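Take any residue in the sequence shown, note its place counting from 1, add 49, and you have its number in this note's numbering.
Down below is the structure, laid out as structure tokens.
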Amino acid sequence: MAVDIGVFLTTWAPRLNLLLVVYVVYLFITLFRRKSDEHIYTTPWKLLFVAVSVYIVEQSLTVLRMLEIVSYPHLLVNGAFEIVIITLFIYTLLLQREHVAKEIFGKRF
Numbered sequence: 050m051a052v053d054i055g056v057f058l059t060t061w062a063p064r065l066n067l068l069l070v071v072y073v074v075y076l077f078i079t080l081f082r083r084k085s086d087e088h089i090y091t092t093p094w095k096l097l098f099v100a101v102s103v104y105i106v107e108q109s110l111t112v113l114r115m116l117e118i119v120s121y122p123h124l125l126v127n128g129a130f131e132i133v134i135i136t137l138f139i140y141t142l143l144l145q146r147e148h149v150a151k152e153i154f155g156k157r158f
């Protein structure tokens with residue numbers, strides 16, 4: 050039983066992740082289509098969208114590798130994608146922190 054669940058998760062989880070990401074991309078498109086307002090700070094959201102796009106590429110390559118359509122060094126390529134995603138997340142947090150400090154407290158960190 051446990052082996053069956055493990056096999057299911059190993060084979061179907063990347064595909065299900067891609068389906069969930071389709072909904073997230075729809076939410077991003079809805080956010081970016083809204084009328085631009087000078088009070089809305091969307092730069093962190095744009096960077097987060099780039100990170101989600103990198104995740105989509107990573108998961109697509111994982112699905113293609115699992116279907117044996119492409120072959121590549123798994124640890125090297127996926128590791129590079131993860132570093133890019135984490136770097137974008139950290140940079141997004143730092144941008145948001147800088148924006149909040151400037152808007153609310155009127156100072157820079």
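Don't be surprised by glycine CBs; every beta carbon is placed ideally from N, CA and C.
Treat the numbers as computed from the prediction; the structure is a model and nothing was measured.
Going by CA-CA distance only, name the one from Asn66, Ile78 and Lys84 that's closest to leucine 97.
-> Minimum Cα distance to leucine 97 is reached at Ile78.
How is histidine 88 classed by DSSP in three states: helix, strand or coil?
-> In the structure shown, histidine 88 sits in coil (DSSP, three-state: anything other than H, G, I, E or B).
Could you give the C-beta distance for proline 103 and valine 133, rounded to a whole number, given that I count them as a contact under 8 Å?
-> According to the sequence shown, residue 103 is valine rather than proline. The beta-carbon distance between valine 103 and valine 133, rounded to whole angstroms, is 5 Å. This is short enough to meet the 8 Å contact definition.
The region 52-68 touching the region 108-128, judged by at least three CB pairs closer than 8 Å = Counting C-beta pairs closer than 8 Å gives three or more between the region 52-68 and the region 108-128, which meets the contact rule.
Range of the contiguous alpha helix (DSSP H) that encloses phenylalanine 154 | Boundaries for phenylalanine 154: no alpha helix (DSSP H) harbours it, and the DSSP string shows neither H nor E there.
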